[in-house]
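What follows is one structure encoded as structure tokens, with my remarks underneath.
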Amino acid sequence: MIRRTRSARGEPARATASLLALAPLALGASLAMALPLARGGGAPATAVAQEGPVMLQLSARTGETDTYRYEQNVNLQLPAEFGGAQSIASRLVLSQTAMSVSDDRIQYLAEIKDVSVEMTENPLGADLDFSKYKGQQFDMAMTRQGQLLGLEMAGANPAAQQIQQSMRQVGFPQLAGSPVRVGDTWTDTTRADAAGMGVPVDGDIISINRTTLERLTELGERTIANLSVQTTFTFQPRAEAGLGMSVEMIGSRSDDVRFDVTNGRFIVSAGSQSFTLNIGMAGLGGGFLIEGDSRSSAQLLEQGS
0 MIRRTRSARG EPARATASLL ALAPLALGAS LAMALPLARG GGAPATAVAQ EGPVMLQLSA
60 RTGETDTYRY EQNVNLQLPA EFGGAQSIAS RLVLSQTAMS VSDDRIQYLA EIKDVSVEMT
120 ENPLGADLDF SKYKGQQFDM AMTRQGQLLG LEMAGANPAA QQIQQSMRQV GFPQLAGSPV
180 RVGDTWTDTT RADAAGMGVP VDGDIISINR TTLERLTELG ERTIANLSVQ TTFTFQPRAE
240 AGLGMSVEMI GSRSDDVRFD VTNGRFIVSA GSQSFTLNIG MAGLGGGFLI EGDSRSSAQL
300 LEQGS
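In terms of numbering that gives the first Met the number 0, the sequence shown opens at residue 0 and continues consecutively.
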């Protein structure tokens with residue numbers, strides 16, 4: 000089902016405005032950053048001779064607070080009438096305090112410490128003032144494998160869905176649900192509501208993620224797992240688009256991730272994405288094409304404060 004509040008002539012502008020507003024949280028690609036081995040560490044790492052399978056899972060003690068930074072730089076190629084080439088940079092600093100820890104999940108109280116969005120051009124007047132969300136607190140639940148179960152903010156806050164999408168897109172992968180050895184690969188599939196990502200149709204963005212344990216290294220007293228993640232994206236409609244609209248999307252992502260096995264924390268992730276989004280509009284010149292690429296990172300800034 001398509002949500003239309005304007006005439007057909009206004010629909011492409013509305014769709015693109017929504018895409019621009021959410022672009023820092025959406026798809027992209029092109030890895031061009033160095034991946035540090037771990038936060039603050041200068042000690043040389045040595046390979047670990049794995050004697051048996053290792054369990055990768057999040058760990059925390061009640062009351063501990065970790066702080067992460069998520070960054071993404073997106074390049075979009077829009078139709079000329081919608082502004083042409085655009086570059087968007089987003090940054091989110093989030094603290095998360097463990098409120099309860101069980102065998103299968105961790106419940107956090109999270110707080111937005113800093114958030115910003117910058118765009119080279121803003122022809123459609125998208126609201127880029129995210130400073131109003133600084134200090135916002137919300138409940139966040141994760142499985143011990145790192146699957147984000149959901150966010151709960153007080154009131155009808157549009158930031159909740161945007162932050163959730165951002166963390167799923169530029170955050171960390173899901174860990175295996177059982178012990179693994181070097182060379183093992185596991186697969187998980189996630190769905191994101193297309194409308195929540197600015198695509199005004201009734202459907203989902205399907206992400207298929209393949210994560211491989213590449214190697215284990217020792218850094219001081221810690222064991223670090225080096226993971227590689229390959230992701231493909233497609234669009235799956237839930238109903239007939241109708242009204243002459245069609246959506247086709249294809250994309251891929253590659254990430255390098257480091258996980259602290261000893262302390263049960265993700266340390267750093269750096270990745271790249273690319274995507275093509277083709278929105279067909281009958282009677283409007285065949286619709287329009289949006290292409291994009293981005294680089295993104297997520298990093299642990301402070302642990303267990």
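The C-beta atom is built at its ideal place from N, Cα and C for all residues, glycine as well.
Here N74 is not near A88, since their CB atoms are 8 angstroms or more apart. In summary, S304 is exposed, with fewer than 16 beta-carbon neighbours lying within 10 Å of its beta-carbon over all protein chains present. Residue pairing by DSSP places N208 opposite D187 and T230 in a beta bridge. Put simply, of E120, L108 and D128 the residue whose alpha carbon is nearest the alpha carbon of V114 is D128.
In the displayed model, A193 falls within coil according to three-state DSSP, outside both helix and strand.
Contact check for I223 and D255: beta-carbon distance about 12 angstroms, past the 8 angstroms limit, so the pair fails to qualify. Counting the other Cβ atoms within 10 Å of the Cβ of R252 gives 16 or more, which makes it buried.
Here the alpha carbons of A84 and G182 stand approximately 40 angstroms from one another. Restricting attention to G263, R264 and E247, the CA atom closest to the CA of N277 is found in E247.
For the set L215, A193, T211 and S273, the Cα lying nearest the Cα of I205 is the one of A193.
In the DSSP assignment, the residues bridged to T222 are E217.
Looking from the CA of L212, the closest CA among T233, R180 and K131 belongs to R180.
In the structure shown, K133 falls within a coil segment according to DSSP collapsed to helix, strand and coil. At a Cβ-Cβ threshold of 8 angstroms, F265 and L299 count as neighbours. Note on R190: under 16 other CB atoms within 10 angstroms of its CB, so exposed under the neighbour-count rule.
The Cβ atoms of G250 and F274 lie closer than 8 angstroms to each other. In this model, Y69 and V100 are separated by some 24 angstroms (Cα to Cα). Here D255 is bridged, per DSSP, to S227 and A269. With a cutoff of 8 angstroms on beta-carbon distance, D65 and L108 are scored as not near each other.
The shortest CA-to-CA distance from W185 to any of Q229, A46, Q106 and T233 is the one to Q229. With a minimum length of 3 residues, the unbroken runs of beta strand (DSSP E) contained wholly in the stretch 45-124 fall at 64-76, 84-100 and 104-118. In this structure, DSSP gives L127 a state outside helix and strand, which the three-state scheme calls coil.
Residues of the same chain with a CB within less than 7 angstroms of the CB of E151, apart from the 5 flanking positions on each side, are F137 and D138 in chain order. The beta carbon of E290 sits closer than 6 angstroms to those of Q76 and T275, all from its chain and outside the five residues before and after it, given in chain order.
The alpha-carbon of P236 is positioned some 39 angstroms away from that of A59. Put simply, of D201, E120, R221 and F234 the residue whose alpha carbon is nearest the alpha carbon of G82 is E120. DSSP links R264 through a beta bridge to D259. Residue L91 holds the alpha-carbon nearest to the alpha-carbon of V116 among L91, V267 and A269.
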